[in-house]
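Down below is the structure, laid out as structure tokens.
Residue numbers (our numbering), protein chains in the order written: chain A, 1 to 113; chain B, 114 to 226.
Here it is in structure tokens:
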């Protein structure tokens, strides 16, 4: 158990819908990272927050947004969903930046039908 | 394209044998990390090696880093069936919108009992 929790574990929704994925980092970790893993794209970095502020942005679509709240939990919002958004979405946390190991949550499996 | 590329894509060995996986990357790095992923689950951090280090050990794991060749290797000695997983290298890379970890496509290791 990494100490990072993600909800829900599974999500099935239809195209055009909007969903929210939630992540609680390990106690004491200030950084939260979101990743998307699919068979054809591999593991792609989406976005990082550090202590409530956006720190780095990766291959995140404009239809996706995220935020980190004062209690350090984070949410990833996916809107106007397309079939191609079906993937595993991981949240990870670390104490600081990229010089520290990241602890991954169990992931949310999103299926868009 | 991915910053890190693992080689081989798949490796099948017998229990007790050693497994070696390689990772090549393109740009200068501050550190390189190796992660392991059991099917459909979150990634687990194995080891971090900094750019000024050449070799690092952790239990049955040995990681080397050659910055002149922009490559790293992960050696698992005396492999066990429980080592069956995908192994990823990740490098820190500076992008237009901040730094991030970039993961390779992974090596699928199968250890046969």
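We put the beta carbon where it would ideally sit given N, CA and C, even for glycine.
Because the structure is a prediction, the values reported are computed rather than measured.
Residue-chain proximity (residue i, chain B), Cβ-Cβ < 8 Å
i: residue 9/A; result: no
i: residue 66/A; result: no
i: residue 89/A; result: no
i: residue 49/A; result: no
DSSP state of residue i mapped onto helix, strand, coil
i: residue 161/B; result: strand
i: residue 84/A; result: helix
i: residue 196/B; result: helix
i: residue 14/A; result: coil
i: residue 107/A; result: coil
i: residue 213/B; result: strand
i: residue 124/B; result: strand
i: residue 53/A; result: strand
i: residue 139/B; result: coil
Within 8 Å, strictly: CB atoms of residue i and residue j
i: residue 186/B; j: residue 143/B; result: no
i: residue 35/A; j: residue 44/A; result: yes
i: residue 25/A; j: residue 72/A; result: yes
i: residue 168/B; j: residue 175/B; result: yes
i: residue 122/A; j: residue 112/A; result: Any answer about residue 122/A is impossible in this case: the structure gives chain A only from 1 up to 113.
i: residue 219/B; j: residue 192/B; result: no
i: residue 153/B; j: residue 216/B; result: no
i: residue 145/B; j: residue 222/B; result: no
i: residue 56/A; j: residue 212/B; result: yes
Given residue i as reference, the closest of the options once Cα atoms are compared
i: residue 138/B; options: 160/B, 220/B, 225/B and 205/B; result: 205/B
i: residue 41/A; options: 105/A, 60/A, 66/A and 52/A; result: 60/A
i: residue 91/A; options: 63/A, 80/A, 30/A and 70/A; result: 30/A
i: residue 214/B; options: 4/A, 24/A, 32/A and 17/A; result: 32/A
i: residue 39/A; options: 24/A, 88/A, 16/A and 58/A; result: 88/A
i: residue 122/B; options: 159/B, 212/B, 211/B and 202/B; result: 202/B
i: residue 141/B; options: 196/B, 194/B and 179/B; result: 179/B
i: residue 21/A; options: 15/A, 11/A and 28/A; result: 11/A
i: residue 7/A; options: 74/A, 28/A and 58/A; result: 74/A
i: residue 171/B; options: 184/B, 188/B, 197/B and 182/B; result: 188/B
i: residue 14/A; options: 53/A, 37/A and 84/A; result: 84/A
i: residue 68/A; options: 100/A, 52/A and 103/A; result: 52/A
i: residue 108/A; options: 37/A, 27/A, 28/A and 70/A; result: 37/A
Contact with chain A by residue i, beta-carbon distance below 8 Å
i: residue 130/B; result: no
i: residue 175/B; result: no
i: residue 120/B; result: no
i: residue 180/B; result: no
i: residue 146/B; result: yes
i: residue 218/B; result: yes
i: residue 117/B; result: no
i: residue 213/B; result: yes
Supposed contact pair residue j and residue i - C-beta distance, whole angstroms, cut 8 Å
i: residue 119/B; j: residue 224/B; result: Not really, about 17 Å apart at Cβ, beyond 8 Å.
i: residue 4/A; j: residue 105/A; result: 4 Å
i: residue 156/B; j: residue 150/B; result: 5 Å
i: residue 81/A; j: residue 17/A; result: 5 Å
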